[in-house]
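See below for the structure under consideration.
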Amino acid sequence: MRISKVEREIILTISELREANLKDMSQRLGLDIRSIVGHTLNMRKKGYLTRLHGGLYVLTDKGESLLRDLQSAKERASKILGEVPFEKGFHFYKALGQYTG
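In the numbering used here, the protein residues as written are 28 to 128.
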């Protein structure tokens with residue numbers, strides 16, 4: 028599951044809007060429509076998106092699965108990188124008993 032940062036943002040944008048056209052994605056992500064076209068084409072080839080009549084893009088089942096994986100990874104990262112109580116944290120000392128904090 029290797030996807031680019033832009034592809035991840037496209038997945039999140041379509042998920043939030045439920046369906047999106049190229050203009051929606053371009054405006055949301057601040058990218059040129061030609062760039063979005065390239066990314067969406069690649070994502071369609073990978074099976075993450077499908078294009079509906081009228082130019083709307085939606086997530087496929089594979090895209091929904093990727094979205095769940097992205098959300099799960101974000102939750103795991105938050106858990107790992109979350110705040111640690113002072114007594115469990117790492118602290119620097121100048122000398123024995125002389126905390127630098």
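Heads up, the beta-carbon is just placed ideally off N, CA and C, and yes, glycines get one too. All values reported here derive from a predicted model rather than from experimental measurement.
CB contact flag (residue i, residue j, <8 angstroms)
{"i": "residue 37", "j": "residue 85", "result": "no"}
{"i": "residue 35", "j": "residue 97", "result": "yes"}
Endpoints, the beta strand (DSSP E) within which residue i is located
{"i": "residue 67", "result": "Per DSSP, residue 67 belongs to no beta strand (DSSP E); it is in the alpha helix (DSSP H), 60–73."}
{"i": "residue 115", "result": "Premise fails: residue 115 is in no beta strand (DSSP E) and is neither H nor E."}
Proximity to residue i [Cα-Cα], best of the options
{"i": "residue 61", "options": "95, 101, 109, 49", "result": "49"}
{"i": "residue 32", "options": "70, 117, 121", "result": "70"}
{"i": "residue 39", "options": "101, 114, 72", "result": "101"}
{"i": "residue 90", "options": "99, 75, 106", "result": "75"}
Supposed close pair residue i, residue j - CB separation, criterion 8 angstroms
{"i": "residue 51", "j": "residue 44", "result": "6 angstroms"}
{"i": "residue 77", "j": "residue 67", "result": "Not really, about 10 angstroms apart at Cβ, beyond 8 angstroms."}
{"i": "residue 46", "j": "residue 83", "result": "4 angstroms"}
Alpha helix (DSSP H) segment containing residue i, residue limits
{"i": "residue 33", "result": "32–44"}
{"i": "residue 55", "result": "49–56"}
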